[in-house]
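Asker: Structure below; questions to follow.
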Amino acid sequence: MIRLLDVLFSLLGLICGFPVLVLLTLVGYFDTGSSIFRQERVGKHQKPFTLVKFRTMAVNTESVATHLASSASITRFGQFLRKTKFDELPQLWNVLKGDMSLVGPRPGLFNQEELTSERAKRGIYKARPGITGLAQVSQIDMSTPKLLAETDQKMLKNLTLADYFRYILMTVVGKGSGDRVKG
Numbered sequence: 011m012i013r014l015l016d017v018l019f020s021l022l023g024l025i026c027g028f029p030v031l032v033l034l035t036l037v038g039y040f041d042t043g044s045s046i047f048r049q050e051r052v053g054k055h056q057k058p059f060t061l062v063k064f065r066t067m068a069v070n071t072e073s074v075a076t077h078l079a080s081s082a083s084i085t086r087f088g089q090f091l092r093k094t095k096f097d098e099l100p101q102l103w104n105v106l107k108g109d110m111s112l113v114g115p116r117p118g119l120f121n122q123e124e125l126t127s128e129r130a131k132r133g134i135y136k137a138r139p140g141i142t143g144l145a146q147v148s149q150i151d152m153s154t155p156k157l158l159a160e161t162d163q164k165m166l167k168n169l170t171l172a173d174y175f176r177y178i179l180m181t182v183v184g185k186g187s188g189d190r191v192k193g
């Protein structure tokens, strides 16, 4: 049932949001010269996939977890994208393709070894990673790998259809701050 909802909502979001996606792509191009950000992430069964987002940081920013990146690397337009969570919109393509779900554990980087280990111990990789979830709306980010993995496990163990909609709604209305960038 969740996969069907993922496909329907991501397809609907991509079709209805197409004008916004085009506008953000154009503005992002003028902001950084490269509006789309692609990065290899840890997916279901620990298989790699390419996550797509709108670029919020300068092109030459080091590929590290967000909480390790400097806030100086975030562009002015990137600040807007992050605040509105519009930077996440291209991930609807990842959801449509089946790499991700709308709700699930945020996909980490392969160099986040402690997080990968904590999640592997708890069976988190049996699920598709998600755009949002319990950790995100609870403001738990990747700087606390054990707590994040425990929260992901709790979410996956207890996830209901009502929770699925609740986490999406909470994200849309601005609950949670996602991964924080150091000052």
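Residue numbers for the sequence shown follow the numbering used here, so the first one is 11 and each next one is one higher.
For each residue, glycine too, the CB sits at the ideal point set by N, CA and C.
1) If you count every other CB in all the chains shown that lies within 10 Å of the CB of Leu144, and 16 or more means buried, which is it?
2) Would a C-beta distance cut-off of 9 Å place Lys156 and Glu128 closer than the cut-off?
3) What residue does the alpha helix (DSSP H) around Val37 start on, and which one ends it?
4) From what residue to what residue does the alpha helix (DSSP H) around Ser127 run?
5) Would you give the residue range spanned by the beta strand (DSSP E) that Gln101 belongs to?
6) Does the region 84 to 101 come into contact with the region 58 to 73, if we say contact requires no fewer than three beta-carbon pairs (one atom in each stretch) closer than 8 Å?
7) What does the alpha-carbon distance come out to for the pair Asn104 and Gly53?
8) If I follow the unbroken alpha helix (DSSP H) through Gln149, where does it start and stop?
9) Going by the CB atoms, is the gap between Met152 and Leu125 shorter than 9 Å?
10) Going by Cα to Cα distance, which pick from Lys93, Gly118, Arg132 and Val30 is closest to Gln49?
11) With a CB to CB cut of under 6 Å and the five nearest residues on each side skipped, what residues in its chain are close to Met180?
12) Using CA coordinates, which residue listed in Val17, Met11 and Ile12 is at the minimum distance from Lys107?
13) In whole angstroms, what separates the C-alpha of Ile134 from that of Ile178?
14) To the nearest angstrom, report how far apart Met67 and Arg92 are at their CA atoms.
15) Please tell me whether Lys136 and Leu166 are closer than 9 Å, where the distance is taken between their beta carbons.
16) Beta-carbon within less than 8 Å of Tyr174's beta-carbon, same chain only, minus the 5 sequence neighbours each way: which residues are those?
17) Go to Phe175, then tell me how far its alpha helix (DSSP H) extends in each direction, as first and last residue.
Answerer: According to the data block:
1) buried
2) Contact: yes.
3) Phe28 to Thr42 is the extent of the alpha helix (DSSP H) around Val37.
4) Membership of Ser127 in the alpha helix (DSSP H) is indicated by the continuous run Glu123 to Lys131.
5) Here Gln101 belongs to no beta strand (DSSP E); instead the alpha helix (DSSP H) covers Gln101 to Lys107.
6) yes
7) One C-alpha to the other measures close to 11 Å.
8) That residue, Gln149, is in no alpha helix (DSSP H); it is neither H nor E in DSSP.
9) yes
10) It is Gly118.
11) Val147
12) Val17
13) 20 Å
14) 10 Å
15) Against a cut-off of 9 Å, the Cβ pair of Leu166 and Lys136 comes out as a contact.
16) The residues are Ile12, Leu15, Leu112 and Val113.
17) It spans Leu171 to Val182 - the alpha helix (DSSP H) in which Phe175 sits, taken as one unbroken run.
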